[in-house]
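This report concerns only the one structure given below.
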Amino acid sequence: MEITLHLNGEDKTFTIPFVNTLILRKTLEIKKEIDFTKAITDEEDLDKIADFLVFAFKNQFSREDVFEGLPGGELLTKMDDVMAEAMGLNKQIDEEPQGKN
Numbered sequence: 666m667e668i669t670l671h672l673n674g675e676d677k678t679f680t681i682p683f684v685n686t687l688i689l690r691k692t693l694e695i696k697k698e699i700d701f702t703k704a705i706t707d708e709e710d711l712d713k714i715a716d717f718l719v720f721a722f723k724n725q726f727s728r729e730d731v732f733e734g735l736p737g738g739e740l741l742t743k744m745d746d747v748m749a750e751a752m753g754l755n756k757q758i759d760e761e762p763q764g765k766n
């Protein structure tokens with residue numbers, strides 16, 4: 666899993682070898698705290714999402730780095746990617762049988 670942030674005029678990519686069960690636990694917590702069926706309009710929710718990404722990537726960057734270096738339209742997408750990986754959804758999609766030709 667990786668995330669690329671544009672910091673100090675350059676792209677920096679941060680990686681983690683896998684999404685562990687602790688991140689799954691944090692995923693379940695944040696899903697209880699934030700209503701993702703509605704638009705995010707609360708600064709505190711944005712802080713929680715950024716903090717979730719910082720946690721998931723083992724504090725390799727800060728909340729401020731997320732806000733400054735990740736395009737706004739990618740914040741929820743990246744969080745969704747991490748959450749899907751934590752819940753095993755990416756693996757399930759990869760393992761679905763392909764249609765017969």
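When we follow this note's numbering, the leftmost residue of the sequence shown carries the number 666, and every step to the right adds one.
Built from N, CA and C at the ideal position, the CB exists for glycine as well.
Fair warning: this is a prediction, and the values are worked out from it, not measured in the lab.
8 Å Cβ cutoff met for residue i and residue j
{"i": "G734", "j": "L670", "result": "yes"}
{"i": "I699", "j": "L740", "result": "no"}
Residue burial classification, residue i (beta-carbon count within 10 angstroms, cutoff 16)
{"i": "D730", "result": "buried"}
{"i": "T692", "result": "buried"}
{"i": "D745", "result": "exposed"}
{"i": "T718", "result": "The sequence shown places Leu at residue 718, not Thr. Buried, by the Cβ-count rule."}
{"i": "E750", "result": "buried"}
First and last residue of the uninterrupted beta strand (DSSP E) at residue i
{"i": "L672", "result": "667 to 672"}
Distance, residue j Cα to residue i Cα
{"i": "K614", "j": "T680", "result": "For residue 614 there is no data in the structure shown, the boundaries of the chain being 666 and 766."}
{"i": "K743", "j": "P736", "result": "10 Å"}
{"i": "D759", "j": "E694", "result": "A caution first: D759 carries a pLDDT of 48, below 50, which makes its placement in the model too unreliable to give a value."}
{"i": "D712", "j": "N685", "result": "22 Å"}
{"i": "P682", "j": "E667", "result": "9 Å"}
For residue i, the first and last residue of its enclosing alpha helix (DSSP H)
{"i": "E708", "result": "708 to 721"}
* Check whether the region 697 to 710 touches the region 671 to 678, counting contact only when three or more Cβ pairs, one atom from each stretch, lie closer than 8 Å. => The region 697 to 710 makes no contact with the region 671 to 678: fewer than 3 CB pairs, one atom from each, lie closer than 8 Å.
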